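Engineer: I have a structure here, written as structure tokens, and I will follow up with some questions on it.
2 protein chains.
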Amino acid sequence: MINVGVFGYGTVGSGVVEVLTKNAEVIKKNVGDDVKVKAILDLREFPGDPFEKLVVHEVEEIVNDPEIDIVCETMGGATYAYKYTKMALEAGKSVCTSNKELVALHGPELIALAKAHNCSYKFEASTGGGIPIIRALESSVTADHILSVVGIVNGTTNYMLTKMTYEGSDFDEVLKEAQALGYAELHPEADIEGHDAARKIAILASVVCGKTVDFAKVPTEGITNITARDIKYADKLNMKIKLLAKYEDRPTGAFALVAPYLVKKGNPLYNVDDVYNAILVRGNMLDDAMFMGRGAGKLPTASAVCGDVVECAKSNGKHIPCNWVDEEINLPGYKASKKVFFVRVGAELKQDAIDAFDGEVTEVDAGYFDEYAFMTTELSEADFASKKAKMGTCLNYLRVEK
Amino acid sequence: MINVGVFGYGTVGSGVVEVLTKNAEVIKKNVGDDVKVKAILDLREFPGDPFEKLVVHEVEEIVNDPEIDIVCETMGGATYAYKYTKMALEAGKSVCTSNKELVALHGPELIALAKAHNCSYKFEASTGGGIPIIRALESSVTADHILSVVGIVNGTTNYMLTKMTYEGSDFDEVLKEAQALGYAELHPEADIEGHDAARKIAILASVVCGKTVDFAKVPTEGITNITARDIKYADKLNMKIKLLAKYEDRPTGAFALVAPYLVKKGNPLYNVDDVYNAILVRGNMLDDAMFMGRGAGKLPTASAVCGDVVECAKSNGKHIPCNWVDEEINLPGYKASKKVFFVRVGAELKQDAIDAFDGEVTEVDAGYFDEYAFMTTELSEADFASKKAKMGTCLNYLRVEK
Chain B
309 MINVGVFGYG
319 TVGSGVVEVL
329 TKNAEVIKKN
339 VGDDVKVKAI
349 LDLREFPGDP
359 FEKLVVHEVE
369 EIVNDPEIDI
379 VCETMGGATY
389 AYKYTKMALE
399 AGKSVCTSNK
409 ELVALHGPEL
419 IALAKAHNCS
429 YKFEASTGGG
439 IPIIRALESS
449 VTADHILSVV
459 GIVNGTTNYM
469 LTKMTYEGSD
479 FDEVLKEAQA
489 LGYAELHPEA
499 DIEGHDAARK
509 IAILASVVCG
519 KTVDFAKVPT
529 EGITNITARD
539 IKYADKLNMK
549 IKLLAKYEDR
559 PTGAFALVAP
569 YLVKKGNPLY
579 NVDDVYNAIL
589 VRGNMLDDAM
599 FMGRGAGKLP
609 TASAVCGDVV
619 ECAKSNGKHI
629 PCNWVDEEIN
639 LPGYKASKKV
649 FFVRVGAELK
659 QDAIDAFDGE
669 VTEVDAGYFD
679 EYAFMTTELS
689 EADFASKKAK
699 MGTCLNYLRV
709 EK
Chain R
309 MINVGVFGYG
319 TVGSGVVEVL
329 TKNAEVIKKN
339 VGDDVKVKAI
349 LDLREFPGDP
359 FEKLVVHEVE
369 EIVNDPEIDI
379 VCETMGGATY
389 AYKYTKMALE
399 AGKSVCTSNK
409 ELVALHGPEL
419 IALAKAHNCS
429 YKFEASTGGG
439 IPIIRALESS
449 VTADHILSVV
459 GIVNGTTNYM
469 LTKMTYEGSD
479 FDEVLKEAQA
489 LGYAELHPEA
499 DIEGHDAARK
509 IAILASVVCG
519 KTVDFAKVPT
529 EGITNITARD
539 IKYADKLNMK
549 IKLLAKYEDR
559 PTGAFALVAP
569 YLVKKGNPLY
579 NVDDVYNAIL
589 VRGNMLDDAM
599 FMGRGAGKLP
609 TASAVCGDVV
619 ECAKSNGKHI
629 PCNWVDEEIN
639 LPGYKASKKV
649 FFVRVGAELK
659 QDAIDAFDGE
669 VTEVDAGYFD
679 EYAFMTTELS
689 EADFASKKAK
699 MGTCLNYLRV
709 EK
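Keeping their order, the protein sequence lines are chains B and R. The first sequence begins at 309 in the numbering used here and counts up by one. The second sequence begins at 309 in the numbering used here and counts up by one.
The following block contains the structure:
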């Protein structure tokens, strides 16, 4: 019998309890032993809940329980979750988490701590919800030099951009709708400003590099500037606007970036709509492989946490190795990385814009006579920034993904 | 140092040698040791080839070499490949294969043999080429009751159907083009009649069930009956025709099936075009996850073989468990499984058709006055077969995937 403790009985935590209970039979088959929830840590009481008797209020009741083998950390946050995770690992209990904030901040330290205490720290659910992307990078695409990892990793913004695309509605309107439906939070900054996506791409890039990519250093632009007009231009260009989180290893240097992109029809990410997430991995031998699924939601995320529980349970008290060491890696290639840019300026700035870009522009016409929109040639970020500064104020700009 | 032997220096075999050589550094990082090709078994000579000195002609030179730890079986076929794989496993060498024929015929026997000799039999590359679907089913989606696995797993037919869809061309014409481009073989029966897809879904279903699903018992229909008119109807219906390979676990019984389907826009498989493969996995908690990539090709397939080599190399001479045991499982649910069917009959049979289906039909009009086409209500396979027999000859029929 493998006993599991759960930290935090919120959305994902209750999902974990549901998966472990409802799927007990299939999990037993896969593990070769029963896996059972023994205790749930939460500050609240849950009168009437079928598992109310398992709820405890002191973390010691789980970390000091010698019968508990594995802990699922589904509290979120990086203060108590950090402290409690360390306590669990120091007690030799493997921890499976959905907490991207904690993984992005302290992942490799916790992996090393797990190793020192002969247990494991697993974080499949921290990125891409139910999509098994961490395990794919760690265990499957292992004979490839990974050239890029490009993802739609934030369901809220993808839902909003999809709505804007198909309904022509404006940003504020769609945000209100998304909040009403529970797809966006009341304080949606982490999603719409791209910080959630930055944390996730930092985790994926760290797994690829084996060293920590600091999410705070990932250049990050959100979708708050996207208007119905941008969407109209995208449609005209046979493209869609998607918030992409990228890691790319280019000859001019590796870089990570979160920004709204124009994605061409034909790119597999073009078709990833609504709350779906997808991650496109390019290897030098594999070519493209895409992993798509529900990037959030109670049960898909809980399914990923419980997949980690199964792996820990099967590992039989041995540390499951992870290549990510506690050392920072700087990705220096952002400024030199080249892209095509789409730019909109007020009609009065047309000649200034053409001059700033040395005439190397291709006009895009979506029927708005009060502005001038164009595609640049392939430019480095540094070049683009200086040309943009020369040009004066622009209405908006977007990078183009092939 | 881990030494690798390669059985068969054809397309995939030479790809394996290329991956292990060109990506030696990243593979070393992932394994923690050098991995090197020591010998290549092939009947032919390869004068001028950079690896010609590694070529041997007797299998004993590999299976009796105590320095060789892992064998990549990229010969194909099920006679010599079977014999040689057994010899390698009996000598305690793990075998990584791309040979779907052999895996579908003798997979669990070879897994058991590997276990008995403390080594492993790995077959990620046997299904979906570079897409890591076997490992996803075995190691990631392990806390879910898997409700269905639906795939586009044959690149040749998907390329042909895509061509027919976008160019309106007829089957024979597209087949000739595909043959000229090397996407279809001179003897294309295994692809176009669905047998290749049947082998692959049998392997996937066996991994899910943990017991052998006999590919020869999978009801299999190919795409040879698909005409430009079928494509026209599909377009009219906002659907595409795709050759689907399915495993479904329904309340009326589990079943496997290979057949051309009408796939609705909105289904993630709708957008999987050209030579791409994709597999959609539905779990009772995970919901849908899709895995997409190059289902064939020298380097993507070799990348998958080498991912298995990395896993074997890391396992340090221990057997990597696989749940698939050597026992057949019958999937009894085919006849009771319900679908909506699309049917075309000659115009003169219109009333017979309506009567046979008790009037429960919805006409589909694509502008062909010499025929009558319709959708049925949801019917079991058994019901459909008896109604179809009652109706007389039909021009064609297709199942509908939501």
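Ideal placement from N, C-alpha and C gives every residue a C-beta, glycine not left out. Quick caveat: nothing in here was measured; it's all calculated off a predicted structure.
What runs of the beta strand (DSSP E), each 3 residues or longer, lie entirely inside the segment 421 to 492 of chain B?
Structural biologist: Here the runs fully enclosed are 454 to 460.
Engineer: Taking the alpha helix (DSSP H) that Y392 of chain B belongs to, which residues open and close that run?
Structural biologist: Per DSSP, Y392 of chain B belongs to the alpha helix (DSSP H) from Y388 to E398.
Engineer: Identify every residue that forms a DSSP beta bridge with S402 of chain B.
Structural biologist: The partner list for S402 of chain B (beta bridge, DSSP) reads B:I378.
Engineer: For A610 of chain B, which residues in chain R fall below 7 Å Cβ to Cβ?
Structural biologist: Those are M593, listed as they occur along chain R.
Engineer: On the CB-based measure, 16 or more other CB atoms within 10 Å of its CB, does T685 of chain B come out buried or exposed?
Structural biologist: The residue is exposed, with fewer than 16 neighbouring Cβ atoms inside 10 Å.
Engineer: Measure the alpha-carbon distance for Y555 of chain B versus A564 of chain B and round it to whole angstroms.
Structural biologist: The alpha-carbon atoms of Y555 of chain B and A564 of chain B are separated by roughly 4 Å.
Engineer: Leaving out five residues on either side along the sequence, give the residues of the same chain with a beta carbon under 6 Å from the beta carbon of Y680 of chain R.
Structural biologist: Around Y680 of chain R: V653, A655 and K658.
Engineer: May I ask whether a heavy atom of the ligand PLP can be found less than 7 Å away from the beta carbon of L706 of chain B?
Structural biologist: Ligands are entirely absent from the displayed structure, and the ligand PLP is therefore not among its contents.
Engineer: Since N592 of chain R and D478 of chain R should fall inside the 8 Å C-beta cutoff, what is the C-beta to C-beta distance between them, to a whole number of angstroms?
Structural biologist: N592 of chain R to D478 of chain R, Cβ: 42 Å. No contact.
Engineer: Hey, which unbroken runs of the alpha helix (DSSP H) at 4 residues or more fall wholly within the segment 579 to 643 of chain B?
Structural biologist: Fully enclosed alpha helix (DSSP H) runs of 4 or longer: 606 to 622.
Engineer: Chain B beta carbons: is any one of them nearer than 8 Å to that of F431 of chain R?
Structural biologist: For F431 of chain R, the answer is no, since every Cβ of chain B falls outside 8 Å of its Cβ.
Engineer: Counting Cβ pairs, one atom from each stretch, are 3 or more of them under 8 Å apart for the segment 522 to 542 of chain B and the segment 664 to 676 of chain B?
Structural biologist: Segments in contact, yes.
Engineer: Can you name the residues that DSSP bridges to P568 of chain B?
Structural biologist: According to DSSP, which records beta bridges pairwise, P568 of chain B is partnered with B:L551.
Engineer: Helix, strand or coil, according to DSSP, for Y705 of chain R in the structure here?
Structural biologist: Of the three classes helix, strand and coil, the one that applies to Y705 of chain R here is strand, per DSSP.
Engineer: Looking at the C-beta of C614 of chain B, does it have a partner C-beta in chain R at a distance below 8 Å?
Structural biologist: Yes - at least one Cβ of chain R is within 8 Å of the one on C614 of chain B.
Engineer: What's the gap between the Cα of V526 of chain R and the Cα of A513 of chain R?
Structural biologist: If you take the alpha carbons of V526 of chain R and A513 of chain R, they lie about 11 Å apart.
Engineer: For H503 of chain B, count neighbouring Cβ atoms within 10 angstroms of its own Cβ and tell me buried if that reaches 16, exposed if not.
Structural biologist: When all chains shown are included, H503 of chain B counts as buried.
Engineer: For G641 of chain B, collect the residues of the same chain with a Cβ closer than 7 Å to its Cβ; drop the 5 residues on either side in sequence, then sort them by chain order.
Structural biologist: Answer for G641 of chain B: R558, T560, G561, A562 and F563, listed in chain order.
Engineer: So is T387 of chain B buried or exposed if we call it buried at 16+ other beta carbons inside 10 Å?
Structural biologist: That one is exposed.
Engineer: Please classify E368 of chain B: does DSSP put it in a helix, a strand, or coil?
Structural biologist: E368 of chain B falls in the helix class under three-state DSSP.
Engineer: Name, please, each residue of chain B whose Cβ falls closer than 9 Å to the Cβ of V602 of chain R.
Structural biologist: It should be noted that the sequence gives Arg, not Val, for residue 602 of chain R. In chain order: L594, D595, D596 and A597.
Engineer: For a contact meaning CB atoms closer than 7 Å, what does R443 of chain R contact in chain B?
Structural biologist: Within 7 Å Cβ-Cβ: S447 and S448.
Engineer: Please classify A488 of chain B as buried or exposed, where buried requires at least 16 other C-beta atoms within 10 Å of its C-beta.
Structural biologist: The residue is exposed, with fewer than 16 neighbouring Cβ atoms inside 10 Å.
Engineer: Anyone know if the C-beta pair for G530 of chain R and I549 of chain R falls short of 8 Å?
Structural biologist: No.
Engineer: For the segment 427 to 434 of chain R and the segment 618 to 637 of chain R, state whether three or more C-beta atom pairs, one from each stretch, are separated by less than 8 Å.
Structural biologist: The segment 427 to 434 of chain R is in contact with the segment 618 to 637 of chain R.
Engineer: Less than 8 Å separating the beta-carbons of V312 of chain R and I376 of chain R?
Structural biologist: Yes. Within cutoff.
Engineer: Output yes or no for whether 8 Å exceeds the beta carbon distance between E417 of chain B and K519 of chain B.
Structural biologist: Not a contact, by the Cβ cut-off of 8 Å.
Engineer: So what's Y317 of chain B in DSSP terms, helix, strand or just coil?
Structural biologist: Note: Y317 of chain B maps to coil in three-state DSSP.
Engineer: Can you check which of these residues, R:S456, R:E366 and R:C380, is closest to D594 of chain R by C-alpha distance?
Structural biologist: This sequence places Leu at residue 594 of chain R; Asp is not what is there. If we check each option's Cα against that of L594 of chain R, R:S456 comes out closest.
Engineer: Would you list, in chain order, the members of the segment 681 to 692 of chain B that have their beta-carbon closer than 7 Å to a beta-carbon of chain R?
Structural biologist: For the segment 681 to 692 of chain B, which is checked against every Cβ of chain R, not one residue is closer than 7 Å.
Engineer: Could you tell me whether any Cβ in chain B is nearer than 8 Å to the Cβ of E556 of chain R?
Structural biologist: It does not: the Cβ of E556 of chain R has no partner Cβ on chain B nearer than 8 Å.
Engineer: At the level of alpha carbons, what is the spacing between F400 of chain B and V314 of chain B?
Structural biologist: It should be noted that the sequence gives Gly, not Phe, for residue 400 of chain B. About 15 Å.
Engineer: E381 of chain B CB to nearest chain R CB: under 8 Å?
Structural biologist: So, not an interface residue.
Engineer: If I follow the unbroken alpha helix (DSSP H) through F523 of chain R, where does it start and stop?
Structural biologist: Element bounds for F523 of chain R: n/a, residue is neither H nor E.
Engineer: Quick one, are the C-beta atoms of V364 of chain R and I348 of chain R less than 8 Å apart?
Structural biologist: Yes; because the gap between Cβ atoms is below 8 Å, this pair is in contact.
Engineer: Can you pull the DSSP bridge partners for R652 of chain B?
Structural biologist: Answer by DSSP bridge pairing, in chain order: B:A681 and B:N704.
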